[in-house]
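**Q** In terms of our numbering, the sequence shown has 130 at position 113, counting the first letter as 1, and numbering is strictly consecutive. Just so it is clear, CB atoms sit at the ideal spot from N, CA and C, and this is done for glycine as well. All values derive from a computational prediction rather than experimental measurement.
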Amino acid sequence: MSHAGRSRAWRFLGPLLAIVWVAFLAEPLSAALAADDLWVRVVSVVGVVGVGITFAFSMLFVRREQQSPSMIVLLVALELFFTAISCLGAHEHGLVGLVYVSATVHVLTRSPRAFVTTILCAAAAFVLPRVIPGWDPADGTVAAVVLASLATFGFTQLIRRNRQLLAAQREIAELAAARERARLARDVHDLVGHSLTVVAVKAELARRLVSRDPDAATGELADIHELARSALADVRSMVQATRGVTLPGELVAARQALDAAGIEAQLPGAVDVVPDPLREPFAWVVREGVTNVLRHAGASRVVVTLAADRLVVEDDGRGPGPDSGAAGAPAPGQGIAGLTERLRAVGATLETGTSSLGGFRLAARAGGAA
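1. Counting along the chain, where does the beta strand (DSSP E) carrying Gly370 start and finish?
2. Secondary structure at Gln84, three-state DSSP: helix, strand or coil?
3. Touch check for the stretch 369-381 and the stretch 296-303: three-plus C-beta pairs under 8 angstroms?
4. Once DSSP output is grouped into helix, strand and coil, what is the label at Val262?
5. Within a Cβ cutoff of 6 angstroms, which residues of the same chain sit near Arg318, ignoring the five residues on either side of it in sequence?
6. According to DSSP, which residues form a beta bridge with Ala43?
7. Is there contact between the stretch 127-135 and the stretch 160-174, where contact requires at least three CB pairs shorter than 8 angstroms?
8. Quick check on Val291: does DSSP put it in helix, strand or coil?
9. Return the chain-ordered list of same chain residues with a C-beta closer than 6 angstroms to the C-beta of Val290, the five sequence neighbours on each side being excluded.
10. Measure the C-alpha to C-alpha separation of Ser61 and Leu97 and round it to an integer number of angstroms.
11. Please state the DSSP three-state secondary structure of Ala324.
12. In its own chain, which residues sit with a C-beta less than 6 angstroms from the C-beta of Val159, not counting the 5 before and 5 after it?
13. Note down, in chain order, each residue of its chain lying with its Cβ closer than 6 angstroms to the Cβ of Ala234, except the 5 sequence neighbours on either side.
14. Please classify Asn309 as buried or exposed, where buried requires at least 16 neighbouring CB atoms within 10 angstroms.
15. Considering only the alpha carbon of each residue, which of Ile241, Leu356, Ala195 lies closest to Ser212?
16. Along the chain, where does the alpha helix (DSSP H) containing Leu58 start, and where does it finish?
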């Protein structure tokens with residue numbers, strides 16, 4: 018329910034609850050009005066009305082998270098005072114004020130410890146009529162104290178649980194938004210970063226070819242145009258969450274990008290051996306590995322090894338930098354962090370280190386693969 022909906026519900030339930038509680042005051046008010054002495058009658062009526070007003074004021078605080086202890090003490094003291102003076106004319110009927118005292122403590126503390134007050138009020142309603150001459154037993158008031166306190170406790174616990182539920186829902190929404198922002202950042206890096214890297218490589222190649230081989234330069238520019246269109250389509254698909262990468266497609270794109278950069282590529286010819294759950298994460302590893310080769314490695318050869326439970330991208334370039342961490346540990350960076358998250362989701366791990374070719378090695382392993 019929205020905040021506006023809860024407010025409307027409270028505006029409806031508030032007066033309804035007030036009417037229910039006012040009904041308890043009918044009997045003591047009638048008894049107070051029947052008092053013989055005028056001043057006793059006036060004081061008793063003031064006491065009955067004061068109990069109702071004080072309780073109504075306490076209900077204004079029911080939706081607050083925390084209550085002031087001094088406010089609780091003041092309201093309870095006022096209700097006890099008004100209950101006492103109402104008994105001057107209403108006699109045992111005025112003890113109905115103890116129902117409000119117990120309920121007020123429950124409303125403002127929302128704690129099981131409020132039942133101590135309930136026990137004391139019920140005991141007072143039971144004992145006082147039996148020790149004060151002329152008063153009749155008020156067992157009905159004793160029952161009313163207990164039942165009203167139980168009902169009020171249930172009501173306040175319901176409010177408390179609803180608040181906890183709303184807080185949990187807000188936290189879940191915030192976490193979901195944070196995860197979505199992280200996903201978008203990762204996807205933008207993985208999709209657009211790769212495409213822009215290949216565009217930069219091809220643009221440099223076209224610049225070198227434009228004077229020597231205009232036709233080849235034109236072909237490279239056409240490839241750049243297609244890559245830009247593909248990157249735009251990737252971004253649109255990412256926003257719509259309708260497109261994922263494929264392992265065969267990434268291997269084809271890797272060969273094209275490496276060939277354009279003049280890098281020898283040794284790539285697997287088939288991906289059938291890889292289980293379906295691993296294909297998309299492995300595709301992202303291929304994309305990130307090739308992108309890093311094009312950007313940083315200075316390599317002349319790249320080897321991609323594929324098995325059912327592992328994928329390894331190796332080059333003969335400069336190898337891990339001084340800030341890449343120890344071999345076998347993922348290097349820092351948005352791309353590596355994103356890959357680690359993707360692989361963790363399918364029970365796989367990511368490792369980096371020095372390759373057998375002397376350059377950089379990026380490896381994804383499923384489960385406990387060695």
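**A** Let's see:
1. As a working note, residue 370 is residue 353 in the sequence shown. Per DSSP, Gly370 belongs to the beta strand (DSSP E) from 365-371.
2. Indexing the sequence shown from 1 puts residue 84 at position 67. Coil.
3. yes
4. Looking up residue 262 in the sequence shown gives position 245. Coil.
5. The count along the sequence shown starts at 1 and reaches residue 318 at position 301. These residues qualify, in order along the chain: Glu281, Asp333.
6. On the sequence shown, residue 43 is found 26 positions in, with the first residue counted as 1. Answer by DSSP bridge pairing: none, since Ala43 is not bridged.
7. yes
8. Position 274 of the sequence shown, counted from the first residue, corresponds to residue 291. In this structure, Val291 counts as coil in the three-state DSSP scheme.
9. Translated into the one-based positions of the sequence shown, residue 290 becomes position 273. Ala325.
10. In the sequence shown, the residue the question calls residue 61 occupies position 44. In the sequence shown, the residue the question calls residue 97 occupies position 80. Straight-line Cα distance between these residues: approximately 13 angstroms.
11. Counting from 1 along the sequence shown, the entry for residue 324 is found at position 307. DSSP places Ala324 in coil when its eight states are reduced to three.
12. For the purposes of this step, residue 159 is taken as residue 142 along the sequence shown, with counting starting at 1. Contacts found: Ala139, Ala142, Phe143.
13. Numbered from 1 along the sequence shown, position 217 holds the residue referred to as residue 234. Ala223, Leu226, Val227.
14. Position 292 of the sequence shown holds residue 309. Classification of Asn309: buried, given that the 10 Å Cβ count is 16 or more.
15. Along the sequence shown, read from residue 1 onward, the residue named residue 212 stands at position 195. For the residues Ile241, Leu356, Ala195, the minimum Cα distance to Ser212 belongs to Ile241.
16. Residue mapping note: residue 58 aligns to position 41 of the sequence shown, counting from 1. One point to set straight first is that residue 58 is Arg, not Leu, in the sequence displayed. Arg58 -> alpha helix (DSSP H) spans 55-76.
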